[in-house]
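Visitor:
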Amino acid sequence: MTAAIDIRAVTRTYGHATALDNVSFRVPEGSICGLFGSNGAGKTTVMSIIAGHDRPSSGEALVLGDTPFEHEVTGQRISFIRDNQRYPDNYQLKHVLRIAPEFAPDWSAEVAAELVEGFRIPAKTPIKKFSRGQLSAVAIVLGLASRAPVTLFDEPYLGLDVGARTLFYDVLLRDYGRHPRTILLSTHLIDESESLFDRVVILNAGRVAVDCDRDEARELAVVISGAADAVGRLTAGRTVLQTRAIGSLSSVTVTGIADEALLADARRAGVQVESASLQQLVAAYGATAGNAAEHTDHQSTRTTQQKEAAAA
Amino acid sequence: MNAITSVVKLHLNRRVVALLVPLFIVAVVVVISILISLLFLRGGSVPGSTVWVNASRSNTGMLFSLAGFLVSMGVASAATTFPFALALGATRRAFTLGTLAWNILQAAYLTVVFAVLTLLELATGHWFAGFYIFDITILGAGDLAKLIPIVFLSVLALLSVGGAFGASWVRFGARGPQVIAAVAAILIIVGLIIALPSASVLIANFALWWLAVAGVVLVVIAMVGIWLPLRTATVR
Chain P
1 MTAAIDIRAV TRTYGHATAL DNVSFRVPEG SICGLFGSNG AGKTTVMSII
51 AGHDRPSSGE ALVLGDTPFE HEVTGQRISF IRDNQRYPDN YQLKHVLRIA
101 PEFAPDWSAE VAAELVEGFR IPAKTPIKKF SRGQLSAVAI VLGLASRAPV
151 TLFDEPYLGL DVGARTLFYD VLLRDYGRHP RTILLSTHLI DESESLFDRV
201 VILNAGRVAV DCDRDEAREL AVVISGAADA VGRLTAGRTV LQTRAIGSLS
251 SVTVTGIADE ALLADARRAG VQVESASLQQ LVAAYGATAG NAAEHTDHQS
301 TRTTQQKEAA AA
Chain Z
1 MNAITSVVKL HLNRRVVALL VPLFIVAVVV VISILISLLF LRGGSVPGST
51 VWVNASRSNT GMLFSLAGFL VSMGVASAAT TFPFALALGA TRRAFTLGTL
101 AWNILQAAYL TVVFAVLTLL ELATGHWFAG FYIFDITILG AGDLAKLIPI
151 VFLSVLALLS VGGAFGASWV RFGARGPQVI AAVAAILIIV GLIIALPSAS
201 VLIANFALWW LAVAGVVLVV IAMVGIWLPL RTATVR
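Here the protein sequences line up with chains P and Z, keeping their order.
At position 107 of the first sequence the residue is numbered 107 (the UniProt record's numbering), and the sequence of numbers has no breaks.
At position 89 of the second sequence the residue is numbered 89 (the UniProt record's numbering), and the sequence of numbers has no breaks.
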């Protein structure tokens, strides 16, 4: 499948700080991809580069086949409203709704009106006085109503209540079904939004820790829980992503799948083994921040496994 | 071209600020100028006398009262409109050219406003009471051939200089405007140090077109000052 977003060995440094370190991943055209990672993992930076708001220090980012930075045609096909988006002084909702269609050829006034009503976005209040949730609502209106072929959502529902988030999911899926597009969405509400995604990319300390289909992600790690000494014996020799301990109990997230051998050992030791959920996986990689070599090894291993599976 | 037009429309989107606030400021200055004239009248000055005319024409309030607003508008065009333009999909090049086009439109709009009001002032015998508000020395003393380039270039230069300050803030944070202000001050002082010994010669040969050339050069420098920082600015 053609990649709408193709990130090739992108590194981005700010002075001595490395925000992205040799990041590569592809997002197939027409897919919804979740971009996960702990705070500071590099999610917004990579989105900025995809949107053409920033340039890589090295490497290449292609969107719809072109480098997005200062590329007018590509720019008009991307929607990216930041979680801390700045609006011109004295802007009200009407200003946003009046100018956005000028830049978005596929703008849907119906979708915008539905979301404005559903989110109950104030019409007269200056945007700079909006609450966190109301700012998120405006960003969602811009993102969804633009119907841009590549739509980026950066923490789209910060401050939104559960009803507003449900509206977002409903309109997103309905409009995506009618007007397919490529969506890259970063969020910390992983359990809630997991079913949206075809693919997932997990960033950790500026590196790609996981890049795979959503269902594959459920097979990347297991959580082993029980008596600390028994868990310790079972996890010996495995790549540990995260360890949590309460008294004599511990819960350890390790890479790999819950194969028959592991399950049999677990039964004998009286410990519980379950596949790590996507949220647990993201949290586990977040906990390993700084252990970059381990991530690289894991990514290489997984990529090799994928290649072998594809070859078979 | 479409992208540049879209940026112009983005600037025009705040219509009240763009079109009505300058008129409001002009109206306030008119009222204040009339009040000051009345003050002189009560003090014994005679409308139409040479002293009255010369004193009234030396009032620079009309131009300078707009200066602050225009610079702040220029700053806002880069500091807050640029990040939103980028979010909507504009390129930096389209934004800079669109901003230049918008500044030219805004300058033309205010030039027309000033020209019409000046003609009205002249046609009504200075508002039927000898009030000199637009027929003032700094605006060409009622000569439209002078007023039009003075207002147009002044407005364009003020908006562009404001834009350069705003762009430097987007790119470099608080240090940007500070450095620009410091460099500008140094250049002006050095220029004065060089020119001062020849001041009498310069004044004797002064021609209005010098100011026009200086205005155009200032606009070009300011627009470059917008483009260069925004070209590499990272919106975060």
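C-beta atoms are modelled at their ideal positions from N, C-alpha and C, and glycine is treated no differently.
Small disclaimer: the values here were computed from a predicted structure and weren't measured.
#1: Helix or strand or just coil, what does DSSP make of valine 218(P)?
#2: Quick one: residues in its chain with C-beta nearer than 7 Å to the C-beta of alanine 167(Z), no 5 flanking neighbours on either side, listed in chain order?
#3: At least one CB of chain Z closer than 8 Å to the CB of glutamine 134(P): is that the case?
#4: If we define contact as Cβ-Cβ less than 8 Å, is threonine 81(Z) a contact residue for chain P?
#5: Excluding the 5 residues preceding and the 5 following arginine 82(P) in the sequence, name in chain order all residues of the same chain whose CB lies nearer than 6 Å to its CB.
#6: Whole angstroms are fine: how far does the CA of isoleucine 257(P) sit from the CA of valine 208(P)?
#7: With 8 Å as the threshold, decide whether the Cβ of asparagine 291(P) is near any Cβ in chain Z.
#8: Is threonine 234(Z) helix, strand or coil when you go by DSSP?
#9: Considering only heavy atoms of the ligand SAM, does any lie closer than 7 Å to the CB of glutamate 274(P)?
#10: Which runs of the beta strand (DSSP E) spanning at least 3 residues fall entirely within the region 24-85 of chain P, listed in chain order?
#11: Between Asp213(P), Ser277(P) and His188(P), which has its C-alpha nearest isoleucine 224(P)'s C-alpha?
#12: Whole angstroms is fine: what's the gap from glycine 75(P)'s alpha carbon to isoleucine 4(Z)'s?
#13: Under a Cβ-count criterion, where at least 16 other Cβ atoms within 10 Å of its own Cβ denotes burial, should serine 49(Z) be classed as buried or exposed?
#14: Could you tell me which of Gly226(P), Pro68(P), Ser24(P) and Leu62(P) sits nearest to glutamate 274(P), measuring between CA atoms?
#15: Roughly how many whole angstroms lie between the Cα atoms of isoleucine 138(Z) and phenylalanine 131(Z)?
#16: Spatial neighbours of aspartate 89(P) within its chain, please: CB distance less than 8 Å, with the 5 preceding and 5 following residues excluded, ordered by chain position.
#17: For tyrosine 285(P), count the other beta carbons within 10 Å of its own beta carbon; 16 or more makes it buried, fewer makes it exposed. Which is it?
#18: What residue from Val179(Z), Val155(Z) and Ser154(Z) has the CA that sits closest to phenylalanine 165(Z)'s CA?
#19: Tell me which residue opens and which closes the alpha helix (DSSP H) that isoleucine 4(Z) is part of.
#20: Kindly indicate which residue of Arg267(P), Ile121(P), Ala269(P) and Gly232(P) has the alpha-carbon position closest to the one of residue 338(P).
#21: Between which two residues does the beta strand (DSSP E) carrying tyrosine 14(P) extend?
#22: Would you mind stating whether leucine 10(Z) and valine 71(Z) have Cβ atoms separated by less than 8 Å?
#23: Flag leucine 230(Z) as yes if its beta-carbon sits less than 8 Å from any beta-carbon of chain P, otherwise no.
#24: What does the alpha-carbon distance come out to for the pair serine 248(P) and alanine 228(P)?
Guide: To lay it out plainly:
#1: One detail in the question is off: residue 218(P) reads as arginine in this sequence, not valine. Three-state result, arginine 218(P): coil.
#2: Ala78, Gly225, Ile226, Pro229 and Leu230
#3: False, the Cβ-Cβ gap to chain Z never drops below 8 Å.
#4: yes
#5: Asp154
#6: 20 Å
#7: Here the model assigns asparagine 291(P) a pLDDT of 49, short of 50, so the residue's position is not dependable, and the following value carries that caveat. Not closer than 8 Å to any Cβ of chain Z, the Cβ of asparagine 291(P) fails to qualify, so no.
#8: Coil, per DSSP.
#9: Of the ligands one can find in the structure shown there are none, so the ligand SAM has no counterpart to examine.
#10: 32-36, 58-63 and 78-81
#11: Ser277(P)
#12: 13 Å
#13: exposed
#14: Gly226(P)
#15: 16 Å
#16: Lys128
#17: buried
#18: Val179(Z)
#19: 2-12
#20: No answer is possible for residue 338(P): the residues shown for chain P start at 1 and end at 312.
#21: 3-14
#22: no
#23: no
#24: Rounded to the nearest angstrom, the two C-alpha atoms are 6 Å apart.
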